[in-house]
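Number of protein chains: 2
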Amino acid sequence: MANFDLMRQLATESGGKIILLVMDGLGGLPLEVDGPTELEAAVTPNLDRLAREGSTGLSIPIARGIEPGSGPGHLALFGYDPLTYEIGRGALEAAGIGLEVRVGDVAARGNFCTVDENGVIVDRRAGRIPTEKGAEACATLQEIELPGVEMIVREVKEHRFVLLLRGEGLSPALMDTDPGKTGVAPFPARPVPEAADDPAAQHTAELVNEFLAQAREKLRGHHPANMVTLRGFATDPALPQFKDVYKLTAACVAVYPMYKGVSRLIGMDIIETTAHDEPLDEFNRVAATWDSHDFVFVHIKYTDSRGEDGKFDAKVAVIEQVDAALPALLDLNPDVLIVTGDHSTPAKLRSHSFHPVPTLIWAPATHMRDNVTGFGERQCMGGALGQFPATDLMPLALAHARRLKRFGA
Amino acid sequence: MANFDLMRQLATESGGKIILLVMDGLGGLPLEVDGPTELEAAVTPNLDRLAREGSTGLSIPIARGIEPGSGPGHLALFGYDPLTYEIGRGALEAAGIGLEVRVGDVAARGNFCTVDENGVIVDRRAGRIPTEKGAEACATLQEIELPGVEMIVREVKEHRFVLLLRGEGLSPALMDTDPGKTGVAPFPARPVPEAADDPAAQHTAELVNEFLAQAREKLRGHHPANMVTLRGFATDPALPQFKDVYKLTAACVAVYPMYKGVSRLIGMDIIETTAHDEPLDEFNRVAATWDSHDFVFVHIKYTDSRGEDGKFDAKVAVIEQVDAALPALLDLNPDVLIVTGDHSTPAKLRSHSFHPVPTLIWAPATHMRDNVTGFGERQCMGGALGQFPATDLMPLALAHARRLKRFGA
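Chain order of the listed sequences is A and B. Each residue of the first sequence is one higher than the one before, starting from 1 at the first, in the working numbering. Each residue of the second sequence is one higher than the one before, starting from 410 at the first, in the working numbering.
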């Protein structure tokens with residue numbers, strides 16, 4: 001990564017302090033040809049002020065036309081090219097719940113599911129059992145013993161858990177056992193085609209199949225969570241560390257495990273939150289950790305959730321809630337405040353989408369004010385930042401914070 | 410090409426249907442400092458409506474400052490980086506007339522020319538002999554026999570023909586025999602410097618020189634077409650196939666052989682046209698094949714031709730003719746309609762040029778309406794697409810047609 005080489009070369013230990021506010025799925029679309037987007041419809045006096053005073057533009061998360069998943073979308077915001085750096089689902093899920101995945105470990109995302117007497121899946125999520133029930137089932141699975149390896153089974157949320165294997169000679173090169181649909185039995189574990197002859201992959205598949213056989217026995221009476229599927233086998237992605245690349249002490253304030261997971265994998269400190277945190281609660285947590293960090297990433301989930309639900313007005317309301325809470329961040333006098341999203345989630349499409357994401361950089365000492373007078377998709381089209389790859393955002397953040405040395409004499 | 414890897418990974422078999430309307434050499438320049446470009450001067454109510462409702466921008470065919478040939482310009486529109494994928498002129502010419510170039514074949518573009526009694530070229534195009542005369546001369550050349558290889562000589566148009574050699578141990582690494590000027594004799598065939606010691610190139614050069622010697626004898630009485638020159642020696646470019654990369658069944662509606670050639674080389678179905686087809690005729694051919702294709706590329710030649718002629722008003726008239734015919738495409742209710750050019754051909758310059766090309770994407774389910782209210786160079790500067798590499802157009806087309814899976818979890 002040319003970007004990372006440059007950052008390592010130029011980043012300094014001192015300089016201004018940065019807040020990166022990510023509203024997940026921020027970008028939207030008009031419901032009608034002449035209508036506003038969600039962000040345009042929202043009444044956002046604080047964001048509009050920042051857009052008016054600072055620089056705006058549109059961020060392209062992965063590449064033009066590509067709809068990002070949340071993992072790649074965040075990697076890009078942190079400056080990690082998502083086409084170069086991939087995080088397997090198992091590693092991401094484990095990191096999200098604070099379960100360390102070491103080099104050589106194999107982690108998988110697990111689902112409790114319901115199978116009938118023939119072993120055929122009738123519910124892929126076991127009726128979304130409560131988290132307490134999931135934790136009980138995990139405790140049952142934790143009794144399984146596998147020859148020669150350590151095994152950890154840990155609840156994530158509801159029907160979701162993580163399986164981690166630790167030992168010598170393991171490989172994550174396995175196919176999912178989750179068939180992705182009902183009406184069929186889970187697949188046995190098998191090496192991916194490219195690793196068909198790899199002894200480590202064969203050995204790991206045998207261990208996983210032994211786990212699955214014992215799980216079937218142990219969960220027999222646990223209807224509806226009477227079986228499991230596994231997917232996203234992965235090991236430590238060995239990502240470059242944020243601190244090494246950017247020389248920033250960084251913290252993550254996020255409610256959902258996955259965003260904590262990405263942040264933990266690149267070495268951010270994870271600030272404790274609760275599932276009930278509102279935007280203002282999260283901003284207060286930023287304030288509480290502000291003295292001890294150069295960089296705080298704060299993540300708002302519900303812009304994306306309401307977009308996925310197709311609820312235009314509810315997404316507008318979340319944006320307005322964030323705007324109303326914004327003074328709590330501004331009171332910290334950050335040198336640089338960036339507001340953006342990891343991708344678009346237009347309520348019109350009820351889905352992530354490929355559309356570029358409205359972005360503002362507010363940094364009173366260094367920003368170039370453009371002619372934009374409010375924060376919205378159409379307004380950002382005319383902004384100082386133009387359209388730019390999301391991976392350029394971190395260099396811009398450091399530059400605005402005066403944390404990059406000159407390149408060359 | 411990362412783009413192709415991504416497309417192969419993400420493209421789905423189902424989704425919306427796409428029309429790509431290419432007005433060759435669409436972009437222009439004002440004749441006077443305060444004047445309009447050709448596209449701005451044209452009265453185009455239909456294109457203006459599409460620009461107003463959809464997204465606009467400026468496409469960069471190859472790279473900033475680079476003036477594209479028609480082959481590279483079209484490769485870029487189809488998502489093939491023209492700096493990576495090259496089509497030798499001989500292969501392009503052969504494909505244009507439906508002559509298959511197989512792996513190992515060597516094809517060259519031929520010109521009939523006029524030489525004097527000393528073998529010196531006095532007319533590089535043999536007075537642009539009529540196509541019937543060219544075909545007669547090709548029939549004469551077809552009588553030539555070369556040791557150990559099959560030889561095909563086929564008329565293209567007027568003084569232009571294709572020579573194709575098929576056999577073992579051939580190489581296209583030969584210099585042009587066409588000196589590119591009058592007053593000198595054609596060059597003998599020679600390997601290119603890098604292949605000077607390559608036995609295949611040496612062997613092919615010998616065969617071609619044998620062909621040239623026999624051609625000189627056989628054409629002696631055929632004044633003005635009494636000799637030939639050859640250039641653009643090439644073999645099968647082995648381009649990735651459109652269907653494999655994008656999972657689209659695609660068709661080409663074009664009048665000129667070269668555009669059919671590019672399309673054929675990437676595996677599009679070539680729809681029959683006549684040399685007299687007007688834009689509306691071509692659009693009606695799109696309609697006739699619409700049920701059996703996901704993607705139709707339709708090519709308008711005369712915007713470029715009038716630009717090359719330096720005829721500003723005539724280019725305006727072609728654009729207006731296309732606009733007037735446009736309802737024939739809109740009546741098909743495409744999910745995505747893209748209007749662009751392969752490069753600019755300003756009448757002011759009487760030539761292709763490097764200027765970025767006005768582009769619009771109209772896709773009612775997914776497009777972001779920008780603030781642009783008409784289709785023109787200056788208007789597109791403020792559009793939602795910004796300035797973008799032409800190779801991003803296909804990913805955008807597929808995204809707007811909802812034919813791409815999400816990247817990452």
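From the three backbone atoms N, C-alpha and C, an ideal C-beta is built for every residue, glycine too.
If you follow the beta strand (DSSP E) that arginine 166 (chain A) is part of, which residue opens it and which one closes it?
160–166
When every heavy atom of the ligand MN is checked, does at least one fall within less than 7 angstroms of the C-beta of phenylalanine 187 (chain A)?
This structure lacks the ligand MN, and indeed carries no ligand of any kind.
Could you say which of A:Gly183, A:Leu164, A:Ala287 and A:Val298 lies nearest to glutamate 117 (chain A) if we only look at CA atoms?
A:Gly183
Give, in chain order, every unbroken run of the beta strand (DSSP E) that is at least 3 residues long and sits entirely within the stretch 440–469 of chain B.
464–469
Please state the DSSP three-state secondary structure of threonine 131 (chain A).
Three-state result, threonine 131 (chain A): helix.
Once DSSP output is grouped into helix, strand and coil, what is the label at threonine 698 (chain B)?
helix
Would DSSP call methionine 1 (chain A) helix, strand or coil?
Per-residue confidence for methionine 1 (chain A) stands at a pLDDT of 46, beneath the threshold of 50, marking its modelled position as unreliable; no derived number is given.
Taking alanine 659 (chain B) as part of the beta strand (DSSP E), name the residues at either end of that continuous run.
659–662
Would phenylalanine 816 (chain B) and isoleucine 66 (chain A) be called neighbours here (beta carbons separated by less than 8 angstroms)?
The Cβ-Cβ distance between phenylalanine 816 (chain B) and isoleucine 66 (chain A) falls below 8 angstroms.
Which bits of chain B does proline 72 (chain A) rub up against, with CB to CB less than 8 angstroms?
Ordered by position in chain B, the residues that pass the 8 angstroms Cβ test against proline 72 (chain A) are Phe816 and Gly817.
Under a Cβ-count criterion, where at least 16 other Cβ atoms within 10 Å of its own Cβ denotes burial, should methionine 636 (chain B) be classed as buried or exposed?
buried
In chain order, what residues of the same chain lie with their CB nearer than 8 angstroms to the CB of threonine 12 (chain A), ignoring the 5 residues before and after it?
Lys247, Arg403, Leu404 and Lys405
Can you give me the C-alpha to C-alpha distance between aspartate 81 (chain A) and tryptophan 771 (chain B), rounded to a whole angstrom?
Pairing aspartate 81 (chain A) with tryptophan 771 (chain B), the inter-Cα distance amounts to about 30 angstroms.
Going by CA-CA distance only, name the one from A:Pro61, A:Gln241, A:Arg154 and A:Tyr256 that's closest to alanine 250 (chain A).
A:Gln241
Taking three-plus beta-carbon pairs below 8 angstroms as touching, is the stretch 365–372 of chain A in contact with the stretch 83–101 of chain A?
no
Return no unless some Cβ of chain A is closer than 8 angstroms to the Cβ of arginine 417 (chain B).
no
Under a three-way DSSP split, which group does glutamine 650 (chain B) fall into?
coil
Only counting the same chain, and skipping five residues up and downstream in sequence, which positions put a Cβ closer than 6 angstroms to that of histidine 685 (chain B)?
none
Here's the rule I'm using: 16 or more other beta-carbon atoms within 10 Å means buried, otherwise exposed. How should arginine 417 (chain B) be labelled?
exposed
Report yes or no: is there a C-beta of chain B within less than 8 angstroms of the C-beta of methionine 23 (chain A)?
no
For serine 701 (chain B), count neighbouring Cβ atoms within 10 angstroms of its own Cβ and tell me buried if that reaches 16, exposed if not.
exposed
Taking 8 angstroms as the threshold (C-beta atoms), are alanine 401 (chain A) and glycine 15 (chain A) in contact?
yes
Give every residue of the same chain whose Cβ lies closer than 7 angstroms to the Cβ of asparagine 520 (chain B), excluding the five residues on either side of it in the sequence, and list them in chain order.
Arg533, Arg534, His568, Arg569, Asp587, Val637 and Thr638
Residues of the stretch 218–243 of chain A in Cβ contact with chain B at a cutoff of 7 angstroms, in chain order, please.
none
Here's the rule: buried if 16 or more other CB atoms are within 10 angstroms of the residue's CB, otherwise exposed. What is proline 602 (chain B)?
exposed
Any idea what DSSP makes of arginine 533 (chain B), helix, strand or coil?
Arginine 533 (chain B) falls in the coil class under three-state DSSP.
So is phenylalanine 112 (chain A) in contact with chain B if we call contact Cβ pairs under 8 angstroms?
no
If we count the other Cβ atoms within 10 Å of its Cβ and call it buried at 16 or more, is arginine 461 (chain B) buried or exposed?
buried
Looking at glutamate 838 (chain B): is its Cβ nearer than 8 angstroms to the Cβ of valine 705 (chain B)?
The first residue shown for chain B is 410 and the last is 818, placing residue 838 (chain B) beyond what the model contains.
Check whether the stretch 736–754 of chain B touches the stretch 427–442 of chain B, taking contact to mean three or more Cβ pairs, one atom from each stretch, closer than 8 angstroms.
yes
Within 8 angstroms (strictly less), CB to CB, does aspartate 801 (chain B) reach chain A?
yes
Here's a check: name, in chain order, each residue in its chain whose Cβ is nearer than 7 angstroms to the Cβ of aspartate 713 (chain B), leaving out the five neighbours to either side.
Asp433, Gly434 and Thr754
Is there a C-beta anywhere in chain A that falls below 8 angstroms from the one on proline 804 (chain B)?
Yes, contact with chain A.
With 16 as the cutoff for other CB atoms within 10 Å, does alanine 485 (chain B) come out buried or exposed?
buried
Pick from A:Gly386, A:Ser171, A:Glu210 and A:Gly221: whose alpha carbon is nearest that of glutamine 202 (chain A)?
A:Ser171
Do we get a CB-CB distance below 8 angstroms when we pair arginine 52 (chain A) with the residues of chain B?
At a cut-off of 8 angstroms between beta-carbon atoms, arginine 52 (chain A) makes no contact with chain B.
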